[in-house]
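Chains as they are written, first to last, in my numbering: chain A, 1 to 567; chain B, 568 to 782. Even for Gly, the Cβ is constructed at its ideal location relative to N, Cα and C. Report on the structure given below.
Here it is as C-alpha cells:
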C-alpha cells in the first residue's frame with residue numbers, strides 16, 4: 001500500500017514528500033557510519049589546517065540528507081552545521097571532556113576551525129541551537145522504540161487491528177506527555193505539526209510565487225500605502241492573531257474573481273502542488289506524523305520472521321510474515337521461505353509416493369493428496385533445523401580485526417581502492433555477526449583474518465610503491481565452498497551460505513563507538529600508530545602528538561580573569 | 568626600554584589600549600542587551616569569560632548571539648552615551664605609567680616612552696569629557712614613582728556620568744539596574760586583563776619572553 005503526503009518547512013520555498021511507512025523504515029534502518037567517518041576525517045583535516053575542508057563537509061551533508069526528507073528540507077537551515085555538531089560530539093566522546101571544557105578551550109579561537117566549534121557550542125549554550133547530530137541518533141532510537149512498542153510481536157495472541165494500534169500509539173505518546181508535564185516542560189516547547197495547504201504555509205507568497213505575483217500586481221497600489229505590520233522580533237502576537245489577519249485581509253477584501261485567463265494560469269500552478277501540506281516543526285514531529293498517518297490509513301508494519309526487520313504488510317492476516325527485501329542469498333525473504341516450503345512439499349510428496357508404491361496403503365495416498373493440495377506451510381510441518389549455537393567473538397580476534405581495519409582504512413585510495421575496502425569491511429562485519437548467531441565458526445574467522453593479514457601486507461607494499469596491490473588468494477572462500485559442498489551432500493534442503501553481494505548488504509543502524517575505559521579509548525586511537533610503526537617508525541612520534549596533544553591551550557581561572565583578580 | 572622597533576612598539580601598544588577601550592565600551596552594550604530578551608538564555612558568566620579572553624576583539628560577544636541595535640539597547644543609542652567611548656580610552660590612558668613596572672630583564676620603559684605612548688592614545692581620540700575622571704597621567708606617574716598603591720580601576724566615573732548626563736540610562740528600570748550592577752565588576756576585571764595583555768605585548772616587542780612563561 002502506497003500513501004504519500006506533502007510537507008513544507010520554515011525558510012524553504014519547496015515542498016517535500018513523505019512516503020508513509022517507507023520513509024520511517026528507511027530512517028530507522030539508515031546507517032550513519034559513513035557520515036560519521038566523513039565527519040571525523042573532516043575534523044582531522046580541520047585540526048591540522050585550521051579550516052574544515054568544504055568538499056568533505058558537503059559530501060557528509062549529502063550523505064545524511066538522504067536519511068530523511070525532513071533533514072534534506074532543513075539542510076540549509078537547521079542542519080547546516082551538522083558536520084560541526086558531529087565533530088564536537090566526536091571530540092567530547094574521544095577525549096572524554098564536556099562541552100563546557102571544549103568551549104573554554106576554544107574561547108580565544110586561533111583559526112576558523114576553532115571559531116566554528118566555539119560559535120556552535122555558544123549557540124548550544126544560549127539555546128539558539130542544539131547538537132543536530134546527537135538529536136538524529138536519538139530520534140532514530142526513538143522511532144525504533146515507538147515502532148517496536150506499537151507493532152512489536154510481544155504477545156502473539158494479540159491480533160493487530162485499528163484499536164490495538166491506536167491504543168499502543170496513544171499510550172506511547174501519552175507517556176512522553178506525562179513525563180514532559182511532570183518535568184514542567186511547557187507544551188509550546190514540544191514539537192507539533194500543522195495542517196495547511198500551499199496557500200496558507202508561512203512562506204506561501206514565495207512558495208506559490210507565480211500566482212502570488214499576479215495577485216500582488218492587482219493590489220500593489222493599496223498595499224504600498226498600507227500600514228507597516230512588521231512587528232519587533234520576539235514580541236508575542238499569539239493572542240492577537242485574528243486581528244492581525246483581518247487587518248491584512250482588509251486590503252484585499254474587495255477582490256473579485258480574476259479573468260478566465262488568470263484563473264487558468266493559477267490552475268496550472270496550483271494543480272501541480274499537493275492540496276494538503278503538513279508543516280512539522282521538527283524531525284520528531286515529522287516522525288510522529290508518519291505514525292499518525294499510518295494509523296489513519298490502516299498501514300501496518302510487521303517484523304519479518306526471517307531477517308527481523310520491519311516491513312509494510314499488504315494483508316494483516318497473512319500467515320507468512322516475511323518481507324520482500326533481497327537478502328544475502330539474492331532472494332527476498334518471502335521467496336526464500338516459499339521455496340523452502342515448496343521443496344519440503346516436494347520431498348513429502350516423493351516420500352509419500354514411494355511409500356504408496358511399496359505398501360499401497362490408502363492412508364498414505366490421502367496424506368500425499370493433502371500435501372499436494374493444501375498450502376505446504378500449513379499441511380506439512382516444517383522440519384526445524386537444529387538452531388546453531390552462537391558465541392561471542394574472541395577478544396583477541398576482535399582486536400586483530402580492528403587493527404586490520406584501521407590499517408586498511410588508512411590506505412584507502414593508496415594501495416586499496418574504496419570499493420574493495422568496503423567489500424572487505426562488510427565481509428568482516430558479517431563474519432563477526434555470523435559467529436554471534438552461530439552461522440560461522442571461529443576457525444573460519446581466523447582463516448579470513450589470515451587472508452586479511454596477507455592482503456594488508458600487499459596493500460602496505462603497494463601503498464609504499466604507489467601501485468595497486470597484487471591479488472591475494474582468498475583461501476577462506478575455498479574452505480567455505482568445500483564446507484558448502486559437504487553440507488549439500490548431507491542435505492539437499494539446507495540453505496547455502498552466500499557471500500553477500502554489495503547491493504544486498506544488510507545495513508545495521510548506526511551505533512556510536514563506545515569505550516569501556518579510558519585505556520580502551522586510548523588504544524583505539526593508538527592501534528593506528530602501532531600499525532604505522534611497522535612501515536615508518538620515524539613518523540610515529542609526530543602522529544602521537546597529532547592525536548594525543550590537542551592544539552588548544554588549557555584555560556585556567558588565572559588566564560581567564562587575570563592574576564590580579566584578588567587584588 | 569629597548570624595543571626592536573620603538574615607534575612600531577608604541578603604536579602597537581596604543582592600538583591595544585584603543586582596541587581595549589572599544590572592546591570594553593562594546594562589551595557594556597552587548598551585556599546590556601542581554602536584559603532585553605536573553606536574560607535566561609545567556610549566562611553573564613559566559614559573557615564575561617568571552618570578553619576577558621578576547622580583550623582586543625571588539626565584537627567577540629556576537630558569538631553568544633548578542634547584538635547591538637535599536638531593538639536591544641535603544642537607551643544607549645544617543646550622543647550622550649557615545650561620549651563614554653573616549654572617556655573609557657582616557658581612563659585607560661591615564662594608567663599608562665603603571666607599565667613602568669613591566670621589566671624586560673633589567674630594562675623598563677622610560678618616562679619619555681610612556682609619555683609618547685600617552686600622547687599617541689590621546690591623539691587617537693581619548694577625552695575626559697566634563698572632567699568626569701578625576702585621575703590624571705601625572706598623578707598616576709607620581710604614585711608609581713613613589714611606589715604607592717594605585718586606586719583600583721572602577722566604574723565610579725561611568726556611573727556618575729550616566730546619572731548626570733544620560734537620562735535614558737538614569738531611569739530606574741530593570742535593565743538600567745542590571746547595567747549598574749555588572750559594570751562595576753566588568754570594569755575591574757577588564758582592566759586587570761588588559762594589563763596582562765599590554766605586558767605580553769611589551770615582551771613581544773622586546774622579543775624577550777619572561778622566564779615563567781617560557782615554562
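Reference residue i, options the options, closest by Cα
{"i": "residue 571/A", "options": "121/A, 281/A, 270/A", "result": "The structure shown has nothing for residue 571/A, since chain A only spans 1 to 567."}
{"i": "residue 701/B", "options": "683/B, 725/B, 678/B", "result": "725/B"}
{"i": "residue 695/B", "options": "654/B, 608/B, 733/B", "result": "654/B"}
{"i": "residue 165/A", "options": "455/A, 292/A, 53/A", "result": "292/A"}
{"i": "residue 660/B", "options": "717/B, 619/B, 681/B", "result": "681/B"}
{"i": "residue 136/A", "options": "357/A, 256/A, 83/A, 400/A", "result": "83/A"}
{"i": "residue 333/A", "options": "360/A, 341/A, 304/A", "result": "304/A"}
{"i": "residue 429/A", "options": "63/A, 245/A, 445/A", "result": "445/A"}
{"i": "residue 413/A", "options": "88/A, 38/A, 31/A, 463/A", "result": "463/A"}
{"i": "residue 322/A", "options": "312/A, 51/A, 329/A, 330/A", "result": "312/A"}
{"i": "residue 469/A", "options": "427/A, 433/A, 449/A, 408/A", "result": "408/A"}
9 Å Cβ cutoff, residue i in contact with chain A
{"i": "residue 617/B", "result": "yes"}
{"i": "residue 666/B", "result": "no"}
{"i": "residue 632/B", "result": "yes"}
{"i": "residue 658/B", "result": "no"}
{"i": "residue 595/B", "result": "no"}
{"i": "residue 574/B", "result": "no"}
{"i": "residue 626/B", "result": "no"}
{"i": "residue 609/B", "result": "yes"}
{"i": "residue 765/B", "result": "no"}
{"i": "residue 741/B", "result": "no"}
{"i": "residue 620/B", "result": "yes"}
{"i": "residue 605/B", "result": "yes"}
{"i": "residue 751/B", "result": "no"}
{"i": "residue 613/B", "result": "yes"}
is_contact[residue i, chain B] using C-beta, thresh 9 Å
{"i": "residue 329/A", "result": "no"}
{"i": "residue 119/A", "result": "yes"}
{"i": "residue 123/A", "result": "yes"}
{"i": "residue 104/A", "result": "yes"}
{"i": "residue 573/A", "result": "Shown here, chain A extends from 1 to 567; a query on residue 573/A therefore has no answer."}
{"i": "residue 77/A", "result": "no"}
{"i": "residue 238/A", "result": "no"}
{"i": "residue 107/A", "result": "yes"}
{"i": "residue 414/A", "result": "no"}
{"i": "residue 128/A", "result": "yes"}
Residue environment, residue i, which counts as buried when at least 16 other CB atoms sit within 10 Å
{"i": "residue 576/B", "result": "buried"}
{"i": "residue 733/B", "result": "buried"}
{"i": "residue 243/A", "result": "exposed"}
{"i": "residue 179/A", "result": "exposed"}
{"i": "residue 640/B", "result": "buried"}
{"i": "residue 729/B", "result": "buried"}
{"i": "residue 297/A", "result": "exposed"}
{"i": "residue 225/A", "result": "exposed"}
{"i": "residue 43/A", "result": "buried"}
{"i": "residue 673/B", "result": "exposed"}
{"i": "residue 354/A", "result": "exposed"}
Where residue i falls: helix, strand or coil (DSSP)
{"i": "residue 259/A", "result": "coil"}
{"i": "residue 669/B", "result": "coil"}
{"i": "residue 674/B", "result": "strand"}
{"i": "residue 300/A", "result": "strand"}
{"i": "residue 69/A", "result": "helix"}
{"i": "residue 237/A", "result": "coil"}
{"i": "residue 74/A", "result": "coil"}
{"i": "residue 773/B", "result": "helix"}
{"i": "residue 587/B", "result": "helix"}
{"i": "residue 760/B", "result": "helix"}
{"i": "residue 740/B", "result": "coil"}
{"i": "residue 206/A", "result": "helix"}
{"i": "residue 578/B", "result": "helix"}
*Entirely enclosed alpha helix (DSSP H) segments - the segment 149-185 of chain A, minimum 4 residues*: 162-182
*Could you tell me which uninterrupted alpha helix (DSSP H) segments, each at least 4 residues in length, are contained entirely in the segment 2-37 of chain A, listed from first to last along the chain?*
22-29
*Entirely within the segment 79-130 of chain A and at least 4 residues each: give me those alpha helix (DSSP H) ranges in chain order.*
82-94, 99-105, 112-125
_What ranges does the alpha helix (DSSP H) occupy inside the segment 407-470 of chain A, keeping only unbroken runs of at least 4 residues that lie completely in it?_
418-437, 442-465
*Which runs of the alpha helix (DSSP H) fall wholly inside the segment 611-682 of chain B and span at least 4 residues, in chain order?*
611-620, 637-640, 646-649, 651-660
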